Structure formats: C-alpha cells, structure tokens
Amino acid sequence: MVITEPNPILRQIAQQVTAFNNQELDDLIELLFSTMQEKNGAGLSAPQLGISKRVFVYGFDINPRYPDAPPVPKTVVINPEILYLSTETIDLEEGCLSVPNKRGIITRCKSVVFTSMDAHGNIYEKSVHDFEARIVQHEIDHLNGLLISDRANALHQSQIS
C-alpha cells in the first residue's frame, strides 16, 4: 500500500542505505517494483511505503498514467547523489501515488547526471534525459521529504493520480 500525505515519513529526509547484499534490501526492491507496477506508477520510493531508506525504483514499458511517455528501463537507485542538472527545463503535468487524484504542472530539468549504488553496493553513474530525468527528480524529491504539492504552482483534481 502506498502511503499518502500527511504521513510524516513523506516529509522526512530518508536514511542512507548502509547494508547491501542482503535479503531485507532485496525484499524492499521487489516490494517497490511490485507495488509500482500494481499502481501503474512510473517510479516509487521507499518513503512512499513508510520506509525511511534512500531507495527508489522506476521504469515501465507502457504506463496508462503517462500514455505518451516512451518506455523507460527498469532501474534500482540507492543513495543517489545528483552530479549535474541541466539549465534547460521543461514544464509538464505530474501526478504522484502519494497525492492521489491531484496533478500539477512542475518545472524539471531536462537532463540529470547522478551516481547511485545497486543492491550489491556497486557505485554507478547514469545520465538521464526527458521523461526519465523527470522521474528521477520526482523520486529524489521523495527521498528529501518533498512532494508535488511543494513543486507545483497549483494542483488540480484528476481521475489519474
């Protein structure tokens, strides 16, 4: 179940992951992917499930919540650090599973470069653009206690989260 605002976990900075190669982390990653897919999410962070860990997953082939979005590779992100945000931005409508039935226009950077760790503790660097960059920024916001209501000028009712 995805936690919705005003749960205090959503407003806290999530804790760094310090233990890798273990069943607890593997189970969390599996739960994040299965919940994200069940809810037709583009991404999902551990705080959205009430777990204060700097972990999120994202990716899909087709997403009914974002029907015009291209496929995005399934990715696990642990302890991300942003290295670069482009100066070029784009405004698009976003929703959030933790703010149900609300959407708003949010300005996001068009490109992002970040480092992360995988479930084995290996560090990798990734450069993402367009919709994938938007997902990464949205989920890092969750790790930092921010929601779309903090980013959008106004939220409106929607049948799609």
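Going by the working numbering, the sequence shown opens with residue 103, and the numbers climb by one from there.
We treat Cβ as the ideally placed atom computed from N, Cα and C, and that holds for glycine.
It should be emphasised that the depicted structure is a prediction, and the values quoted were computed from it without experimental measurement.
Pull the bridge partners of residue i from the DSSP assignment, please.
{"i": "His258", "result": "Arg205"}
{"i": "Cys198", "result": "Answer by DSSP bridge pairing: none, since Cys198 is not bridged."}
{"i": "Phe216", "result": "Ile184 and Lys228"}
{"i": "Arg253", "result": "Note: Arg253 sits in no beta bridge, so no partner."}
{"i": "Arg236", "result": "Its beta-bridge partners do not exist; DSSP assigns none."}
{"i": "Arg210", "result": "Ile192"}
Does the beta-carbon distance from residue i to residue j come in below 8 Å?
{"i": "Ala171", "j": "Gly206", "result": "no"}
{"i": "Ala235", "j": "Lys204", "result": "no"}
{"i": "Leu249", "j": "Arg156", "result": "no"}
{"i": "Ile105", "j": "Leu151", "result": "yes"}
{"i": "Asn165", "j": "Asn142", "result": "yes"}
{"i": "Ile242", "j": "Arg167", "result": "no"}
{"i": "Val238", "j": "Val214", "result": "yes"}
{"i": "Arg210", "j": "Thr191", "result": "yes"}
{"i": "Ala144", "j": "Tyr160", "result": "yes"}
{"i": "Ile208", "j": "Thr217", "result": "no"}
{"i": "Ser154", "j": "Gln114", "result": "yes"}
{"i": "Ala221", "j": "Asp128", "result": "yes"}
Contact defined as beta carbons within less than 8 Å: I believe residue i pairs with residue j. What is the distance between those atoms, to the nearest angstrom?
{"i": "Phe158", "j": "Pro173", "result": "Phe158 to Pro173, Cβ: 18 Å. No contact."}
{"i": "Thr137", "j": "Leu146", "result": "6 Å"}
{"i": "His258", "j": "Glu196", "result": "At roughly 12 Å, the Cβ-Cβ gap does not stay under 8 Å, so His258 and Glu196 are not in contact."}
{"i": "Leu112", "j": "Gly223", "result": "Actually they do not touch by this definition, with Cβ atoms about 27 Å apart."}
Query raised in the report: Along the chain, which unbroken stretches of the beta strand (DSSP E) at least 3 residues long are found entirely within the region 115 to 194?
Result: 145 to 147, 157 to 162 and 174 to 187
Query raised in the report: Three or more beta-carbon pairs under 8 Å between the region 114 to 132 and the region 178 to 197, yes or no?
Result: yes
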